[in-house]
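With our numbering applied, the sequence shown corresponds to residues 258 to 461, in that order.
Think of the CB as a built atom: it goes at the ideal place given N, C-alpha and C, for glycine as much as any other residue.
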Amino acid sequence: MLKEKGIFDNNVLQAIANVPRHQFLDSSFEEFAYRDVAFPIRAKQTISQPYTVAFQSQSLGLSRGSKVLEIGTGSGYQAAVLVEMGMKVFSIERQKDLFNFSKSILLKLGYNITQKFGDGYKGIPSYAPFDGIIVTAASPDIPGDLVEQLSPKGSLVIPIGYPENDQVMKRIKKSNTVEGYEEEDLGSFRFVPMLKDIESGDSF
Ligand code: SAH
Numbered sequence: 258m259l260k261e262k263g264i265f266d267n268n269v270l271q272a273i274a275n276v277p278r279h280q281f282l283d284s285s286f287e288e289f290a291y292r293d294v295a296f297p298i299r300a301k302q303t304i305s306q307p308y309t310v311a312f313q314s315q316s317l318g319l320s321r322g323s324k325v326l327e328i329g330t331g332s333g334y335q336a337a338v339l340v341e342m343g344m345k346v347f348s349i350e351r352q353k354d355l356f357n358f359s360k361s362i363l364l365k366l367g368y369n370i371t372q373k374f375g376d377g378y379k380g381i382p383s384y385a386p387f388d389g390i391i392v393t394a395a396s397p398d399i400p401g402d403l404v405e406q407l408s409p410k411g412s413l414v415i416p417i418g419y420p421e422n423d424q425v426m427k428r429i430k431k432s433n434t435v436e437g438y439e440e441e442d443l444g445s446f447r448f449v450p451m452l453k454d455i456e457s458g459d460s461f
């Protein structure tokens with residue numbers, strides 16, 4: 258089914274097939290876990306639909322052994338898919354509840370990921386550069402700190418736009434232009450918003 262929708266990378270298809278998606282969902286949704294739709298997880302967030310996870314993973318264009326940073330760990334599902342693809346994975350989440358939940362499930366399933374509780378807009382300078390950065394929340398603009406943390410040939414895959422509308426998936430690469438990067442449009446998607454700073458406690 259993902260193949261018919263344009264997912265051609267066998268490494269991605271195999272990784273999606275290997276990850277037990279039901280483990281990342283609230284138990285009330287378990288029976289729907291293998292349908293190609295997004296679902297609510299805790300703290301008003303969603304686990305992306307498999308097609309979106311596959312599309313973003315494929316858009317990185319990376320081979321096994323590459324270093325990838327994910328912004329928005331959420332349930333941990335996308336991070337697990339990246340590990341199954343053979344990537345060395347780092348992931349940041351700004352909501353404590355989701356950070357803790359994803360940490361325990363990833364540990365339980367044996368997925369080795371370096372997780373950070375913090376603001377994804379800042380990336381993780383101490384582990385940079387990254388061959389790929391995947392942002393799984395909608396950002397109104399291209400975060401300069403993340404572009405900076407890309408390796409010279411690395412790709413940043415990020416949905417750009419405001420939460421009320423669809424966003425445009427962009428692939429950003431460093432270049433010698435005035436902006437310091439070039440961008441490619443990959444299609445239209447819908448994500449929850451990327452918020453500034455860590456969860457303050459009174460914003461939810
Ligand atoms: N990748 C997730 C889906 C994430 S939904 C999965 O596979 O399940 C988007 C996530 O981004 C939410 O968990 C939200 O809390 C998180 N998020 C939003 N803004 C963020 C920020 N500035 N830094 C880190 N995480 C952020």
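Exposed unless 16 or more other CB atoms sit within 10 angstroms - verdict on residue i
i, result
"Pro-400", "buried"
"Leu-452", "buried"
"Asp-454", "exposed"
"Glu-439", "exposed"
"Leu-326", "buried"
"Leu-364", "exposed"
"Val-435", "exposed"
"Arg-321", "exposed"
"Ser-348", "buried"
"Val-338", "buried"
"Met-258", "exposed"
"Ser-359", "buried"
"Tyr-334", "buried"
Residue i versus the options, residue with shortest Cα-Cα distance
i, options, result
"Ile-298", "Asp-423, Tyr-384, Asp-283, Arg-292", "Asp-283"
"Gln-315", "Ile-455, Val-435, Asp-423, Ser-412", "Ser-412"
"Phe-296", "Ile-417, Glu-456, Val-449, Phe-347", "Val-449"
"Val-276", "Glu-421, Tyr-368, Thr-309", "Tyr-368"
"Glu-350", "Thr-330, Gly-389, Gln-306", "Thr-330"
"Asp-388", "Met-426, Ser-396, Leu-403, Pro-397", "Leu-403"
"Asn-357", "Gly-263, Phe-281, Phe-312, Ala-272", "Phe-281"
"Arg-428", "Val-310, Glu-421, Val-392", "Val-392"
"Phe-242", "Glu-456, Lys-431, Lys-430, Gly-418", "A query on residue 242 cannot be resolved here, the shown segment of the chain reaching from 258 to 461 and no further."
According to DSSP, residues forming a beta bridge with residue i
i, result
"Phe-296", "Ile-304"
"Pro-450", "Ala-395"
"Tyr-438", "Lys-431"
"Gln-313", "Per DSSP, none; premise fails for Gln-313."
"Gly-444", "Met-426"
"Ile-417", "Ser-396, Val-425"
Near ligand 1: residue i beta-carbon under 7 Å from a heavy atom
i, result
"Lys-430", "no"
"Arg-292", "no"
"Ala-274", "no"
"Gly-377", "yes"
"Leu-355", "yes"
"Tyr-334", "yes"
"Leu-452", "yes"
"Ala-394", "yes"
"Arg-351", "yes"
"Gln-302", "yes"
Complete beta strand (DSSP E) runs within the segment 321-375 (minimum length 3 residues, chain order): 324-328, 345-350, 370-374
Scan the segment 384-415 and note each continuous beta strand (DSSP E) run of 3 residues or more that stays entirely inside, going in chain order. 387-392
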